[in-house]
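If you read the sequence shown in UniProt numbering, its first letter stands for residue 1, the second for the next number, and so on.
No residue lacks a Cβ here, since even glycine has one placed at the ideal position from N, Cα and C.
Predicted model only: the values in this text are computed from it and were never measured.
One structure below.
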Amino acid sequence: MRALLQRWLPGPATTNLREQLRGAAGMLLGLFIGALLCQQLLVASQMHISLIAPMGATAVLLFALPASPLAQPWAVIGGNVVSALVGVACVHWLGNSLNPALLGALAAALALSAMFALRCLHPPGGAVALITVIGGPAVQAAGYQFALLTVLANSAMMVLLSILYNNLTGRRYPHTQQAHIANLHATKDEVPTVRLGFKPDDLDAVLRQYNQVLDISRDDLHALFMQTEQRAYQRRFGMLTCGDIMSRDIVSAEFGSCLEDAWRVMREHRLAALPVLNRAQRVIGIITLADFLEYGGLNDIHGLDHQLRNFLRKSGITHTEKAEVVGQIMCKQATTVHVDTPIADLVPLMADSGLHHIPVVDHEQRFAGMVAQSDLIAALYERRLAEAVA
Numbered sequence: 001m002r003a004l005l006q007r008w009l010p011g012p013a014t015t016n017l018r019e020q021l022r023g024a025a026g027m028l029l030g031l032f033i034g035a036l037l038c039q040q041l042l043v044a045s046q047m048h049i050s051l052i053a054p055m056g057a058t059a060v061l062l063f064a065l066p067a068s069p070l071a072q073p074w075a076v077i078g079g080n081v082v083s084a085l086v087g088v089a090c091v092h093w094l095g096n097s098l099n100p101a102l103l104g105a106l107a108a109a110l111a112l113s114a115m116f117a118l119r120c121l122h123p124p125g126g127a128v129a130l131i132t133v134i135g136g137p138a139v140q141a142a143g144y145q146f147a148l149l150t151v152l153a154n155s156a157m158m159v160l161l162s163i164l165y166n167n168l169t170g171r172r173y174p175h176t177q178q179a180h181i182a183n184l185h186a187t188k189d190e191v192p193t194v195r196l197g198f199k200p201d202d203l204d205a206v207l208r209q210y211n212q213v214l215d216i217s218r219d220d221l222h223a224l225f226m227q228t229e230q231r232a233y234q235r236r237f238g239m240l241t242c243g244d245i246m247s248r249d250i251v252s253a254e255f256g257s258c259l260e261d262a263w264r265v266m267r268e269h270r271l272a273a274l275p276v277l278n279r280a281q282r283v284i285g286i287i288t289l290a291d292f293l294e295y296g297g298l299n300d301i302h303g304l305d306h307q308l309r310n311f312l313r314k315s316g317i318t319h320t321e322k323a324e325v326v327g328q329i330m331c332k333q334a335t336t337v338h339v340d341t342p343i344a345d346l347v348p349l350m351a352d353s354g355l356h357h358i359p360v361v362d363h364e365q366r367f368a369g370m371v372a373q374s375d376l377i378a379a380l381y382e383r384r385l386a387e388a389v390a
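Here's what the structure looks like:
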């Protein structure tokens, strides 16, 4: 009996207390502010019903599960309004000929079919359809105004408040489908990380075989699988970190370093990139050979040497539109990693995102070294070689 009961018990929560409190606070604010605003809005329209009970269930999805496909704006607004319209239609056409219990069940079932067809599945929509049937004389007297005024206003207001609250508290909402990672070289090849691992087509095939509605978007599911693969790799091959493999004796530049000096240093040391640091040794950007080519206008192969010399040479005047120092052409949004970042996390950055050199920062966010693609390749090779010898 104990084993049977354990099978029925839900698994442990994967969210921490802070996230639970964030959702509860959002629900409190959303329902309270939403009710006040809808009351003011609908009084002017002479609607006596300003807030409906299914909004409580909608609020759970919006503030506790903002990443759910069932909580996205079209699902919320479309699902609730369509369900209300279906319920009102059932009352008008069949209200006098069917038992109320059967009429309510039929309205909810038809609402579910409509939500499937319109791709706006939202569980509280079933309650909205039901309340139009059993909500009493006030709801039935309102008719289609109940759907097009009360339900629409409630749903739209909750979505607007959810957009504001979730984004202010660090949750992306609306949680739109993320585009598939494109090949940076504009060829038909898949990005390196999916050539040997599971592919999007594999995920699609499994989802079709599973044939059930999942309360998670396809791109989130794909991202979770990728992160799980990375953690499994770390467990199998050890926890090598960026701090273990990075180069430490690194040549760097400052914001005010002149372009000619930066170019000369990169040529002397055979470098493809220089980290740009401030006086506190924190990374403020990175400059690469590609930056010199882009800002130098070196698109024409003829006269390339002459164009490069003119670009690197100082203009000699105080006010000029020509770039003079490193800070004017560097990439200011430099991607950095921590010294404790596992090297498995470097793979998608370097293989898919096209980064060849990544600055490494320490616990105080100060520059500690650089990792290049060659460092990652060497580390992976040495680890596999050590396993083969063992």
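Taking a C-beta distance under 8 Å as the contact criterion, G243 and V347 do not qualify as a contact pair.
Around the beta carbon of Y173, 16 or more other beta carbons lie within 10 angstroms, which makes this residue buried.
When the alpha-carbon of P124 is set against those of V91, G143, L62, I163, the nearest one is in L62.
Less than 8 Å separates the beta-carbon of A344 from that of Q230. No Cβ-Cβ contact shorter than 8 Å links A84 with T15. Restricting attention to beta strand (DSSP E) runs no shorter than 3 residues, the segment 218-301 encloses them at 273-277, 283-288, ordered along the chain. A direct Cα-Cα distance of roughly 36 Å separates C120 from A232. Around the beta carbon of N154, a 10 Å sphere encloses 16 or more other beta carbons of the protein chains shown; the residue is thus reported as buried.
Pairwise C-beta distances place the segment 212-222 out of contact with the segment 325-343, as fewer than three of them are shorter than 8 Å. In this structure G11 is exposed. Its beta-carbon is surrounded by fewer than 16 other beta-carbon atoms within 10 angstroms. Straight across, the Cα-Cα distance linking A372 with L65 is about 38 Å. By alpha-carbon distance to M330, the top candidate from A108, F367, A273, N310 is A273. Counting other Cβ atoms within 10 Å of its Cβ, W263 reaches 16 or more and is therefore classed as buried. Residue nearest to L349 within the set Q227, L203, Y210, A323 is Q227 (criterion: CA-CA distance). Counting other Cβ atoms within 10 Å of its Cβ, S68 reaches 16 or more and is therefore classed as buried. G135 sits in coil when the DSSP states are folded into three classes, being neither helix nor strand. By the Cβ neighbour-count rule, G256 is exposed, with fewer than 16 other Cβ atoms within 10 Å of its own.
Residues V82, V86 of the same chain have their beta carbon placed closer than 6 Å to that of A114, with the five preceding and five following residues left out of the count. Per DSSP, A59 is not a residue of any beta strand (DSSP E); the alpha helix (DSSP H) it occupies stretches across 54-64. In the three-state scheme derived from DSSP, where H, G and I count as helix and E and B as strand, M370 is classed as strand.
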